[in-house]
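Take a look at the structure set out below.
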Amino acid sequence: MRFRPCIDLHGGVVKQIVGATLSDTGFHDPETNFRAKKPAGWFADRYRRDRLNGGHVIRLGKGNTVAARSALSRWPGGMQVGGGINADNATQWIDAGASHVIVTSWVFANGRIHMERLEQLKQKIGKAHLVLDLSCRKRGDAYLVATDRWQTFTTEAVTYPLMDRLSAYCDEFLIHAVDVEGRCSGIEADLVAYLGQWEGLPVTYAGGISNQADIDLIALLGNGHVDFTVGSALDIFGGTGLRYEDLARRYSGR
Numbered sequence: 101m102r103f104r105p106c107i108d109l110h111g112g113v114v115k116q117i118v119g120a121t122l123s124d125t126g127f128h129d130p131e132t133n134f135r136a137k138k139p140a141g142w143f144a145d146r147y148r149r150d151r152l153n154g155g156h157v158i159r160l161g162k163g164n165t166v167a168a169r170s171a172l173s174r175w176p177g178g179m180q181v182g183g184g185i186n187a188d189n190a191t192q193w194i195d196a197g198a199s200h201v202i203v204t205s206w207v208f209a210n211g212r213i214h215m216e217r218l219e220q221l222k223q224k225i226g227k228a229h230l231v232l233d234l235s236c237r238k239r240g241d242a243y244l245v246a247t248d249r250w251q252t253f254t255t256e257a258v259t260y261p262l263m264d265r266l267s268a269y270c271d272e273f274l275i276h277a278v279d280v281e282g283r284c285s286g287i288e289a290d291l292v293a294y295l296g297q298w299e300g301l302p303v304t305y306a307g308g309i310s311n312q313a314d315i316d317l318i319a320l321l322g323n324g325h326v327d328f329t330v331g332s333a334l335d336i337f338g339g340t341g342l343r344y345e346d347l348a349r350r351y352s353g354r
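Heads up, the sequence shown is in the numbering used here, so the first residue is 101 and it goes up one at a time.
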C-alpha cells in the first residue's frame with residue numbers, strides 16, 4: 101500500500117475542497133477547508149524530496165494550467181495530472197512532465213462510456229500513461245461513476261466487470277468516494293472492501309480519511325494493495341488528524 105500525495109488546484113491556488121460542493125455553474129463557491137499560501141511547486145518539491153511517486157495534480161476547473169505545469173516541471177515523471185484531459189491535449193501534459201493523465205468526464209460523457217474515446221487516448225499516449233478516474237457516489241447499493249465536478253451521475257457502477265473491461269485501456273484506477281471527499285468523516289468502508297477483493301490493476305482510494313486508524317482500515321479491507329491519497333486531514337493542508345512527515349517516513353522510499 102502506497103501513500104499518493106495530492107495537489108488540488110482551484111483558481112490557480114492549492115486548496116482542499118469538499119468534493120460534493122464543486123459546481124460548474126459559478127453561482128456558489130465550493131466549501132473550502134484550506135487555501136495554501138505556498139505555490140503548487142512547493143508541494144511538488146516536498147513530494148519529490150520524500151520520494152512519494154505517483155501523486156496527483158488535479159485541476160478543478162479553469163485557471164489552473166500555469167500552476168499545474170509548474171508543479172509537473174518540478175518533478176518530471178513523478179506525478180500524474182487530471183482535469184479537463186482529452187485526446188487533443190493529453191500528449192501536451194505528458195510532454196509537460198506528467199507520468200500519466202487522469203481522465204473521467206471526457207470518457208464518461210452524457211452518462212455513458214465512450215469506448216471510441218478510450219481508444220483514441222490509448223492510440224495517442226498508450227495505456228501505460230492513462231489513469232481512469234472512477235470517482236463515484238452511492239445510490240442504493242451501487243457506487244455510480246460521477247462526472248462534471250462529480251455532479252452528474254452516469255449509468256455505470258463501479259464493478260469488477262467494468263474495471264476488467266477498462267483495464268485494457270489504462271494503467272491504474274483512481275477512485276474518489278465523493279460523498280465523503282474533504283469531510284474527514286471516515287472512509288467508505290464498503291467501497292474499499294469491494295476494491296480490496298479485485299485482483300487487477302493498481303487502485304488508489306480517496307475520500308474521508310481523518311486519521312491513521314482510517315489508513316489502517318484501508319490496509320486491512322484493501323488487503324494491502326489499495327493505495328490511498330489524503331488531503332484535508334494532513335497538517336500541510338491545515339488538518340489536525342495526520343502529520344505529513346509521519347506518512348512520508350512510513351510510506352515513502354526515503
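Cβ atoms here follow ideal geometry from the backbone N, Cα and C, with glycine treated the same way.
Straight-line gap, residue i to residue j (C-alpha atoms, nearest Å)
i, j, result
"residue 276", "residue 306", "5 Å"
"residue 295", "residue 238", "15 Å"
"residue 216", "residue 229", "17 Å"
"residue 352", "residue 339", "20 Å"
"residue 126", "residue 250", "Caution is warranted here: a pLDDT of 47 is assigned to residue 126, below 50, making its placement in the model unreliable, and the coordinate value is therefore given only provisionally. Those two C-alpha atoms are separated by around 15 Å."
"residue 302", "residue 227", "13 Å"
"residue 174", "residue 261", "38 Å"
"residue 114", "residue 269", "30 Å"
"residue 168", "residue 138", "14 Å"
"residue 346", "residue 273", "25 Å"
"residue 350", "residue 101", "11 Å"
"residue 234", "residue 343", "28 Å"
"residue 142", "residue 132", "20 Å"
"residue 166", "residue 145", "16 Å"
"residue 134", "residue 271", "31 Å"
"residue 136", "residue 263", "35 Å"
"residue 172", "residue 159", "12 Å"
7 Å CB neighbourhood of residue i in its chain, flanking five on each side removed
i, result
"residue 315", "309 and 328"
"residue 267", "300 and 301"
"residue 341", "284, 310, 311 and 333"
"residue 321", "289, 292, 293 and 296"
"residue 185", "193, 201, 202, 203 and 206"
"residue 214", "207"
"residue 319", "101"
"residue 177", "197 and 199"
"residue 240", "none"
Sub-8 Å separation of residue i and residue j beta-carbons
i, j, result
"residue 199", "residue 248", "no"
"residue 253", "residue 246", "yes"
"residue 244", "residue 203", "no"
"residue 170", "residue 140", "yes"
"residue 292", "residue 258", "no"
"residue 157", "residue 192", "no"
"residue 218", "residue 207", "yes"
Same chain, Cβ closer than 6 Å to residue i, five either side skipped, listed in chain order
i, result
"residue 105", "147, 152 and 155"
"residue 348", "150"
"residue 211", "254 and 255"
"residue 187", "220, 221 and 224"
"residue 331", "106, 116 and 337"
For residue i, the three-state DSSP class (helix, strand or coil)
i, result
"residue 136", "coil"
"residue 390", "Within the shown structure, residues of the chain are numbered from 101 to 354, placing residue 390 beyond reach of any answer."
"residue 114", "strand"
"residue 248", "coil"
"residue 234", "coil"
"residue 371", "Only positions 101 to 354 of the chain appear in the structure, and residue 371 is not among them; the question remains open."
"residue 304", "strand"
"residue 337", "helix"
"residue 239", "strand"
"residue 191", "helix"
"residue 155", "strand"
"residue 127", "At residue 127 the pLDDT is 38, less than 50, meaning the model places this residue with poor confidence and gives no usable figure here."
"residue 201", "strand"
"residue 281", "coil"
"residue 143", "helix"
"residue 275", "strand"
"residue 326", "strand"
"residue 259", "coil"
"residue 107", "strand"
Own chain partners of residue i with C-beta closer than 8 Å, once the 5 adjacent residues on each side are dropped
i, result
"residue 164", "109, 110, 111, 112 and 183"
"residue 323", "296 and 297"
"residue 335", "342, 343 and 344"
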